[in-house]
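Engineer: One structure is given below, represented as structure tokens, and several questions about it will come after.
Protein chains in written order, with my numbering: chain A, 675 to 959; chain B, 48 to 1153.
Right under this line is the structure:
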């Protein structure tokens, strides 16, 4: 769910594809302002969706069109999603998808996300599968594949609805509301989903700088699912948190644990790298 | 004077005198003759000796005459005077007859004198006395005959001398006499040597020797000359002949070719010139052979005019027309120098005919009208071309094979004969039973198909192709039975009887399930073993090449020995690649065999087919190219080039090795599955066989057959237990859970004492305790059913567990790759070389994991490894760029790496999909059931189309076609559904696709409102394909008909004689099926009949099952 990154990429792409106007400096200034507005909205989005929405609305409704327009619309739809107006978000993304262009892929992905959030996993799967086959080199392709994998793997599991709901609520900043779902998942979902839900929560908390919560979640995950599919991710996440807290030894030990316990995991080399780095750090004082 | 008294005296005296005269003349003549003879003889002798000239000869002749005349004259002169004078004669008489005492003379003299001087009386008296005395005197005393006799003797002597001389010197004397006879004739003096040549002129046959006998008379020469010339005008050519004073010599002119003239000359003599005339012998100028072949050969008559060698079939009549160079008096054909056949003559032409029966020789003897025979007649060969035996070969199966499930064997054979194949018979025996013979009619109207070249029986059928469906379903065969069969072909030889040709003998085996599975397993084991060896070899090569590369980098030079060793290793590598391809071909055969025998499920066969393809792809063109490059580089003086080539090759070889390892692992996996399946199938088979025996027991049959079957069952049950244990042992390491379950089942079989109970059942049957046997049998059947069910369940669980595990593995790999992709994306902004490198290593970890999955399943999409390989390559390049602090350049590769990672995820997803769709037995069977159902619908549709074709064109027909089209469309949709449900069953899918293609054509026709013969044909084909497909697929699990025959041979010490029915129960249903199939039904209907009866069998078994 890398919305800011996406917007940047789209902006850059669009900017590079459109020739700069040479007619008037004023126009250029205006375009610059609009672009900046979009950028500001992107920064605002994580903290104040409403403000970002207001800011973007002006850009979206402005008669001027430029490379900022589609990123603005995408961001605007995202704002609507975060504000709970799913229909609006859907219509915006649908419009973008129909319009085609570089944003269409993103819009379609977001629509699939909406389907996922709304619990229509089959439809989401269908859209995602089609999307995945469309352009594997797209910057969102791995997100598409990740979500598709989830939809397919847990399609038969009741917990998937919970997790999708929890993810939506977390995205909308309603962590408290999401907790119920997380709790339900941790307690009642099948082990795979339960483990994954813990990981997701931990990562969210880590992103939100709730390090203790995140650490607790990681530890819980490690404790409950020592042979889980995401155990290495948990170890690495936990180790990273230790490192952020300055507990180098602890972090090192955690990395080492991950490496020793799962030397053949895809992230084992990453753990090894961290170990080397931390050892070097420790030795260098 | 009285003369009357004198007269008698005178008379007497005159008579006496005449007699004396005569005597005298005769004597004189005798003397003269004797003298003449001697004179002439002397004359002739002298002439012979001296060859006088005519004067001399005449003179001598005269002398001879004179001498003769002189002698005569002398003789006459001496006696004639006495005789001519009476007085002197009278005196002569008185001297010879003293008593007369002058009385006679006196009488005579006195009578002439005057009477005066004598007394008449006295005179008379004297006369009388003289007369009387004369009368009484002996004339012989008076006339001396002795001189006559003496002269006669002299004459005789002379004659004797003449004869003697004649005898001694006959020729000479005759010639001399001839000359003396013509004394005045001047004769040429004959030579001293007289030459006589015999036969002188002669006529000989050209080339013969001309032999002469030359006689020499007179002086015998030492030498003679033979003078010879070709013609009277030509000069002589002389040749010396050594005679050496022989009386005669023989001389031969050898091998005379031309006529000539000759003479023999010696000294002063020369024979006349003779002629040797050469005549040509009779000869064959031309031969004309008229062959009349025996009727059976149906060969047309033939005339041959070149040569005289005869070549033909026994019984061929050959008429010879012999044209000679001259008119003949006789011609004979001589066979083998013994039997002569006289020819009919017509001038210079002779005709003879005979029949050839055996090889030999003949020659022709000719005699011309002069009696000359042909010399050295040519000996011509008589070659009898034996009627060849027909040749017959079974081309299909053309090898020892297993009986198909239908128990019908399609025999295809080719028979040929030099004239005509008259009969073909199938000769077979079951095991060691008596031989049975079945004539195969070579008539196209029967079930036997013949080629177009052999259609009418009246025409010669030199080549016959037959195709015969040999139905062995009525043979009551038991598993493990062997049928030894061959074909015999007879030709139409009516002379020496039909010749018989025989094909090679083949064996048809009615295999038991155990045999079939064992063979398939063995084949797989061998292939695995070969692959293992290749893999080990490859490993060694790989290590060696790497070692060489390192050494090369170190020393920058390879020794000659090292180079040679490297070349040898490379050659071995090339060979290894070929060996893998060969193994792929062998595997294909195994697959075909399993397909034919029904020992592989569709899934297994598909897997094996996949593995075969993998094997075919092990040696990639890239690797081959790398090998070629390396071989080329080996001769490059630059060590760096070689080191680089070695490196490249090693990489490719590593990939080769990995593919090989994967293939081996997959084969092992499939083999385990196959073994498991075999066990499950065999258990089910055992249960069915036990049920069958139980049913027969329930029907009151408790004969030898049932005992044998139960015995066979017992043995197979023991085998099953062994197989369970073996499979348990072999899977202990690979799959402990499965191994444990198998061991548990093996124990079950042991604990339940199935084998012992089966023996007990046999004993009970032998002891005529059917009730007890039945009870035991039912318990056994129940246990076997339970075992079969249990094993089936175990197999299902094993499959499900395998699939589940593989799915989890794939999902884990997918997740890992998605994370890697996301991580790769995160590195776009904040990139360090070591991070990128770690990412690449992580990806390699996933690659390993996927490879591990790939060794257990074929569900992975083919280009998966290539795609992830690209990702690794891009990551490597990105890491390199990052190491060079080229962040922008690295980003390009990072993006590409991410793309490939995503594509890999997609491919994994596809693989997962494949895995999910792979073989679900129940779904597969369901699809096949649907296909069978569709085939019946198609059959009905075909019949409807047939009826529609009979309708007159018009709106009615169009409506009917529209209806048909709609129905066909419906079938098409149903078939599409089946095709979709068969995804993952490649073989079945292909067959269904073929039906779809046909159906599309039919549908296109019907939708255009066309219903033609072609449409009908297509519809028929669709139906046939449907049946074939369903049968083929269905047969993979052994159809019911095949299962119904279960017993195998078992050593048995029971009753020594067989019951009258040989313990066999007539199979009523089979008989009914056979009768039904014998009816005049179309093939479609037959198929339905078969299915109908199969269904009855199934129902019966289901009903009778305990």
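Cβ coordinates follow ideal geometry from the N, Cα and C atoms, glycine included. Keep in mind it's a predicted model, so treat the numbers as computed, not measured.
How far does the beta strand (DSSP E) with residue 515 of chain B in it extend, from its first residue to its last?
Structural biologist: As a first step, residue 515 of chain B must be located in the second chain, where it is residue number 468. From DSSP, the beta strand (DSSP E) with residue 515 of chain B extends over 510-518.
Engineer: Which of helix, strand or coil does DSSP assign to residue 98 of chain B?
Structural biologist: Position 51 of the second chain, counted from the first residue, corresponds to residue 98 of chain B. Three-state DSSP puts residue 98 of chain B in coil, outside helix and strand.
Engineer: Could you check the C-alpha separation between residue 775 of chain A and residue 844 of chain B for me, to the nearest Å?
Structural biologist: On the first chain, residue 775 of chain A is found 101 positions in, with the first residue counted as 1. On the second chain, residue 844 of chain B is found 797 positions in, with the first residue counted as 1. So the two alpha carbons sit approximately 50 Å from each other.
Engineer: Please confirm if residue 819 of chain A has its CB atom under 7 Å from at least one CB of chain B.
Structural biologist: For the purposes of this step, residue 819 of chain A is taken as residue 145 along the first chain, with counting starting at 1. For residue 819 of chain A, the answer is yes, since a Cβ of chain B falls inside 7 Å of its Cβ.
Engineer: Tell me, please, whether the CB atom of residue 745 of chain A is closer than 7 Å to any CB atom in chain B?
Structural biologist: Position 71 of the first chain holds residue 745 of chain A. Not an interface residue.
Engineer: Starting from residue 357 of chain B and walking both ways along the alpha helix (DSSP H), at which residues does that stretch end?
Structural biologist: Numbered from its first residue, the second chain carries residue 357 of chain B at position 310. That residue, residue 357 of chain B, is in no alpha helix (DSSP H); its beta strand (DSSP E) goes 357-359.
Engineer: Please confirm whether residue 944 of chain A has its beta-carbon closer than 7 Å to some beta-carbon of chain B.
Structural biologist: The sequence position of residue 944 of chain A within the first chain is 270, counting from 1. Interface residue, yes.
Engineer: With DSSP as the reference, please indicate the residues paired to residue 457 of chain B in a beta bridge.
Structural biologist: Locating residue 457 of chain B in the second chain gives position 410, where the first residue counts as 1. Partner(s): B:516.
Engineer: Between which two residues does the alpha helix (DSSP H) carrying residue 951 of chain B extend?
Structural biologist: Here residue 951 of chain B refers to the residue found at position 904 when the second chain is read from its first residue. Here the alpha helix (DSSP H) through residue 951 of chain B covers 934-964.
Engineer: Among B:701, B:612, B:603 and B:630, which one has its Cα closest to the Cα of residue 572 of chain B?
Structural biologist: For the purposes of this step, residue 572 of chain B is taken as the residue at position 525 of the second chain. Of B:701, B:612, B:603 and B:630, the residue nearest in Cα terms is B:630.
Engineer: Which class does residue 813 of chain A belong to by DSSP, given the choice of helix, strand or coil?
Structural biologist: Taking the first chain and counting its residues from 1, the one referred to as residue 813 of chain A is at position 139. Note: residue 813 of chain A maps to coil in three-state DSSP.
Engineer: Just to confirm my understanding: we take residue 944 of chain A, look at its own chain, exclude 5 residues before and 5 after, and list those with CB closer than 8 Å. What are they?
Structural biologist: Position 270 of the first chain, counting from 1, holds the residue named residue 944 of chain A. 910.
Engineer: Taking C-alpha atoms, which residue in B:897, B:479, B:902 and B:863 lies nearest to residue 905 of chain A?
Structural biologist: Your numbering for residue 905 of chain A matches position 231 in the first chain. Checking every option, the nearest Cα to that of residue 905 of chain A belongs to B:863.
Engineer: Do we get a CB-CB distance below 7 Å when we pair residue 1049 of chain B with the residues of chain A?
Structural biologist: Here residue 1049 of chain B refers to the residue found at position 1002 of the second chain. No, its Cβ sits nowhere closer than 7 Å to a Cβ of chain A.
Engineer: When you compare only the Cα positions, how much space is there between residue 921 of chain A and residue 934 of chain B?
Structural biologist: Your numbering for residue 921 of chain A matches position 247 in the first chain. Your numbering for residue 934 of chain B matches position 887 in the second chain. Computed Cα separation, rounded: 32 Å.
Engineer: By alpha-carbon positions, which one of B:853, B:865, B:861 and B:875 ends up nearest to residue 900 of chain B?
Structural biologist: By 1-based counting over the second chain, the position of residue 900 of chain B is 853. Residue 900 of chain B has its Cα closest to that of B:853, out of B:853, B:865, B:861 and B:875.
Engineer: Using a Cβ-Cβ cut-off of 7 Å, state whether residue 816 of chain A counts as contacting chain B.
Structural biologist: Taking the first chain and counting its residues from 1, one reaches residue 816 of chain A at position 142. True, the Cβ-Cβ gap to chain B drops below 7 Å.
Engineer: Could one say the Cβ of residue 861 of chain B lies closer than 7 Å to chain A's Cβ atoms, at least one of them?
Structural biologist: Mapped onto the second chain, residue 861 of chain B falls at position 814. Yes, its Cβ sits closer than 7 Å to a Cβ of chain A.
Engineer: Using DSSP with H/G/I as helix, E/B as strand and the rest coil, what is residue 998 of chain B?
Structural biologist: The residue labelled residue 998 of chain B in the question sits at position 951 within the second chain. Coil, per DSSP.
Engineer: Please identify the residue among B:139, B:488, B:117 and B:88 whose C-alpha is closest to the C-alpha of residue 68 of chain B.
Structural biologist: Locating residue 68 of chain B in the second chain gives position 21, where the first residue counts as 1. The shortest Cα separation from residue 68 of chain B among B:139, B:488, B:117 and B:88 belongs to B:139.
Engineer: Use the C-beta contact count for residue 809 of chain B: other C-beta atoms within 10 angstroms, 16 or more gives buried, fewer gives exposed.
Structural biologist: If you number the second chain from 1, residue 809 of chain B lands on position 762. That one is buried.
Engineer: Suppose the cutoff is 7 Å on Cβ atoms and the five residues either side in sequence are ignored; what does the same chain contact list for residue 806 of chain A look like?
Structural biologist: Translated into the one-based positions of the first chain, residue 806 of chain A becomes position 132. Cβ neighbours of residue 806 of chain A beyond the five flanking positions: 815, 818, 819 and 822.
Engineer: Please list, in chain order, the residues of the region 835-859 of chain A that have any C-beta partner in chain B closer than 8 Å.
Structural biologist: Answer in chain order: no residues at all.
Engineer: Flag this pair as yes or no: are the beta carbons of residue 414 of chain B and residue 376 of chain B separated by less than 7 Å?
Structural biologist: Position 367 of the second chain holds residue 414 of chain B. Position 329 of the second chain holds residue 376 of chain B. Against a cut-off of 7 Å, the Cβ pair of residue 376 of chain B and residue 414 of chain B comes out as a contact.
Engineer: Leaving aside the five residues before and after residue 674 of chain B along the sequence, list all residues of the same chain whose C-beta is less than 7 Å from its C-beta, in chain order.
Structural biologist: The sequence position of residue 674 of chain B within the second chain is 627, counting from 1. Closer than 7 Å at the Cβ level, and outside the excluded window around residue 674 of chain B, lie 617, 620, 621 and 696.
Engineer: How should residue 205 of chain B be labelled, buried or exposed, when 16 other C-beta atoms within 10 angstroms of its C-beta is the threshold for buried?
Structural biologist: Taking the second chain and counting its residues from 1, the one referred to as residue 205 of chain B is at position 158. Buried: at least 16 other Cβ atoms inside 10 Å.
Engineer: Give the single residue among B:736, B:141 and B:690 whose Cα lies nearest to the Cα of residue 764 of chain B.
Structural biologist: The sequence position of residue 764 of chain B within the second chain is 717, counting from 1. Comparing Cα-Cα distances from residue 764 of chain B to each of B:736, B:141 and B:690, the minimum goes to B:736.
Engineer: For a cutoff of 7 Å on Cβ pairs, would you count residue 499 of chain B as touching chain A?
Structural biologist: Looking up residue 499 of chain B in the second chain gives position 452. Below a pLDDT of 50, predicted positions are generally treated as unreliable, and residue 499 of chain B, at 36, falls in that range; no measurement from the model is reported.
Engineer: Check for me: the alpha helix (DSSP H) holding residue 845 of chain A runs from which residue to which?
Structural biologist: The count along the first chain starts at 1 and reaches residue 845 of chain A at position 171. First-last of the alpha helix (DSSP H) with residue 845 of chain A: 833-845.
Engineer: Which residues mark the beginning and the end of the alpha helix (DSSP H) in which residue 949 of chain A is found?
Structural biologist: Position 275 of the first chain holds residue 949 of chain A. Its alpha helix (DSSP H) spans residues 942-958.
Engineer: What are the complete beta strand (DSSP E) segments, minimum 3 residues, inside the region 412-488 of chain B?
Structural biologist: Entirely contained in the region 412-488 of chain B, the beta strand (DSSP E) runs reaching 3 residues are, in chain order, 427-431, 438-443, 455-463, 468-477 and 483-487.
Engineer: Looking at C-alpha atoms only, which residue of B:80, B:128, B:716 and B:706 is the closest neighbour of residue 207 of chain B?
Structural biologist: As a position in the second chain, residue 207 of chain B is number 160, starting the count at 1. The shortest C-alpha separation from residue 207 of chain B is found at B:80.
Engineer: What is the residue span of the alpha helix (DSSP H) that residue 859 of chain A lies within?
Structural biologist: As a first step, residue 859 of chain A must be located in the first chain, where it is residue number 185. 849-862 is the span of the alpha helix (DSSP H), which, as asked, contains residue 859 of chain A.
Engineer: Taking all protein chains shown into account, decide if residue 399 of chain B is buried (16 or more other Cβ within 10 angstroms of its Cβ) or exposed.
Structural biologist: By 1-based counting over the second chain, the position of residue 399 of chain B is 352. Under this definition residue 399 of chain B is a buried residue.
Engineer: Taking 7 Å as the threshold (beta carbon to beta carbon), is residue 786 of chain A in contact with chain B?
Structural biologist: What you label residue 786 of chain A is simply residue 112 of the first chain in a count that begins at 1. False, the Cβ-Cβ gap to chain B never drops below 7 Å.
Engineer: Is the CB of residue 811 of chain A under 7 Å away from at least one CB in chain B?
Structural biologist: For the purposes of this step, residue 811 of chain A is taken as residue 137 along the first chain, with counting starting at 1. Residue 811 of chain A counts as touching chain B.
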